[in-house]
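Numbered according to mature numbering (1 follows the signal peptide of the UniProt record, and there is no 0), the sequence shown spans residues -21 to -1, 1 to 244. Positions of the beta carbon are idealized from the N, C-alpha and C atoms, including for glycine. The next block holds one structure in the form of structure tokens; read it before the comments.
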Amino acid sequence: MEKTTALIIILCSSIFTPLSANPCKPDSCDAVFGPRIRFPFRLRNRNPTRCGHPGFDLYCNALNQTILNLPKSGEFVVDHIDYAAQALFINDPDSCLPGRILNFSLLGSPFRGAYTRNYTFLNCSSDYLDYTSTRYYYMPLFCLSGRNHTVLATNTRPAAAAAEVPPTCRKIGSVLVPLQWTLAQFYWSAMDLREDLQLVWNQPDCSDCESRGGVCGYKDDSGPEIVCYRPSKSGLPRSAKYGIIIGVGIPALICTIGLACYACG
């Protein structure tokens, strides 16, 4: 009789285990200001490997900032992650983003620029105030400038290209900058370079799951299949609801009958 009871209890407990339970919990470097970290990201040395997707490792620095290490560009602070849009916003930990842009590359990472614009950098021997006539197009980058020189940047577009090039300047280089959408649409000056860079990813594609209130994750501890955990009720098709009712309701009824028979006997 004891074996029968144990079997019934095991069967019932397996039936009532939540089918949508995600073993990975959201984490954060800073519970107040830091972004919430969940799949496909994970915090290295704090979250299990299977809680994140390859290439999406983050970590916390000594200032409790969330750090992304791009293979070809180094470390950046992650200010915000939009999981439904599959976008993240990064900046320089040392507050000099323009200094990181000339050598910026996303090679070797799962990310790409959301909206890119071409910028040209100039090194000028005199003060930027000498270039009042072109200040709309040439933005001084103070964190790269010194007492005897000023670094300027301009968005490379037809109107800017037609502007007068200061005679005491030399071109440092040009680079595509991944801007935020609002800046790419409405702003044309180099003021954009003080804002976050916006990166996006295509795979794994969890935008639909996130938009329905779910969270993606691996189906098990070893396979590559990714599933949507905790989907919203409205996101379940009618056939799936019937399947859950049949798959859970009937075994639950059997468990109830079995326990009742045992109690009566």
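Scanning L176, L172, P89 for the CA closest to the CA of D36 turns up P89.
Of the residues T95, C75, S74, the one whose Cα lies closest to the Cα of S84 is T95. A132 and S153 have their alpha carbons spaced roughly 9 Å apart. Counting the other CB atoms within 10 Å of its CB gives N48 a total below 16, which places it among the exposed residues.
When only Cα atoms are considered, A41 and G196 end up about 28 Å apart. Relative to the Cα of A63, the nearest Cα in the group F121, V179, N102, V11 belongs to V179. At a Cβ-Cβ threshold of 8 Å, P27 and C3 count as neighbours.
In the DSSP annotation of this structure, G53 is not part of any alpha helix (DSSP H); the continuous beta strand (DSSP E) holding it starts and ends at 53 to 61.
Annotation: the continuous alpha helix (DSSP H) that includes C188 extends over 186 to 190. P119 sits in a strand when the DSSP states are folded into three classes.
For L176, the CB contacts under 6 Å within the same chain, skipping 5 residues up- and downstream, are I69, P157 in chain order.
R149: not part of any alpha helix (DSSP H); member of the beta strand (DSSP E) spanning 148 to 158, first to last residue. Taken atom to atom, the span from the alpha-carbon of V56 to that of F121 is near 20 Å.
Within the model, the alpha-carbon separation for V11 versus E204 is close to 33 Å. The criterion of a C-beta distance shorter than 8 Å is satisfied by C8 and Q44.
Within 10 angstroms of the beta-carbon of N134 lie 16 or more other beta-carbons, which makes it buried. Listed as beta-bridge partners of V11 by DSSP are no residues whatsoever.
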